[in-house]
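According to UniProt numbering, the sequence shown is numbered sequentially starting from 1. Don't be surprised by glycine CBs; every beta carbon is placed ideally from N, CA and C. Remarks on the structure that follows.
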Amino acid sequence: MEHWKIRLPHPFVDPSSVSICLIVRDLSDNRRNYEYDKWSRHFKEMLQEKGVTDVISFSHLIREYNTYEQKKKLAKSYDKFLMDNRLNQTSVNKHLGKVFKDLKKLPIMVDITKSGINDQIKKSLSVCKIMCKIGLTSQRRDELVGNFRAIMEKWQISFPGALSNVRTMYLVVDHLPPLPVYASFASANLVQFPKRPRRIPPPVVGELSTVVSDVQ
């Protein structure tokens, strides 16, 4: 799966007007540690003033939300989902499954370890993702590379600014962390957008009369 992540210059999501659920890493790597509620409360108290409605740990997610209906209910309980960027995105998305994908509720990664957490949340909510499946691991390497190039060629002509308007790309394989394949540190102000040709409507040829036919 190829991921394109674009930060919108004009965000349309206001953290104060939506319900946000944050998925955080566990206090302990031991999933039998039942202190996950304590860890969630720690972050909830810290982030509640930042616009985060609720916080759950990854262990809590696995323990309490297993069936399709449970996941569907969770997905519909919040407007947006964020996840601690220290978590494995592939593992989280795989557990949330098809229902989250269909409802477009897959979580967006956020760095909660940095200062200015409020800005980090706003930035994460201004991100949109474009995902495209490029093949299977059973395919030959040249086939996967060919698919990737075909998508990139189409992407270059389909999106304004082409590659200069892309910040990062990741290649994702099941059970493995996302692999960065492209990154740009250039200023967004350097992106050049093609000028659209001016459309001139064709002239209308004919006779025009202002006299009403039934006037005597």
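May I ask you to list the residues that DSSP assigns as paired with residue i?
i	result
residue 23	56, 83
Given a threshold of 16 other Cβ atoms within 10 Å of its Cβ, counted over all protein chains shown, does residue i qualify as buried or as exposed?
i	result
residue 176	exposed
residue 207	exposed
residue 96	buried
residue 84	buried
residue 190	exposed
residue 103	exposed
residue 108	buried
residue 182	exposed
residue 112	buried
Any idea what DSSP makes of residue i, helix, strand or coil?
i	result
residue 108	strand
residue 200	coil
residue 65	coil
residue 72	helix
residue 88	coil
residue 18	coil
residue 175	coil
residue 218	Look at the range of the chain in this structure, 1 to 216, and you will see that residue 218 is not part of it.
residue 122	helix
residue 156	helix
residue 98	helix
residue 140	coil
residue 190	helix
residue 103	coil
Could you check the C-alpha separation between residue i and residue j for me, to the nearest Å?
i	j	result
residue 200	residue 140	49 Å
residue 78	residue 106	11 Å
residue 166	residue 147	19 Å
residue 114	residue 121	11 Å
residue 88	residue 56	15 Å
residue 180	residue 81	23 Å
residue 131	residue 202	40 Å
residue 204	residue 198	18 Å
residue 172	residue 195	34 Å
Using beta-carbon positions only, say whether residue i and residue j come within less than 8 Å of one another.
i	j	result
residue 217	residue 18	Here the chain has residues from 1 to 216 only, and residue 217 is not among them.
residue 26	residue 94	no
residue 125	residue 135	no
residue 249	residue 52	In the structure displayed, the chain extends from 1 to 216; residue 249 sits before or after that span and is not available.
residue 99	residue 71	yes
residue 186	residue 164	yes
residue 239	residue 178	What the structure shows of the chain is the stretch from 1 to 216, and residue 239 is not part of that stretch, so it cannot be assessed.
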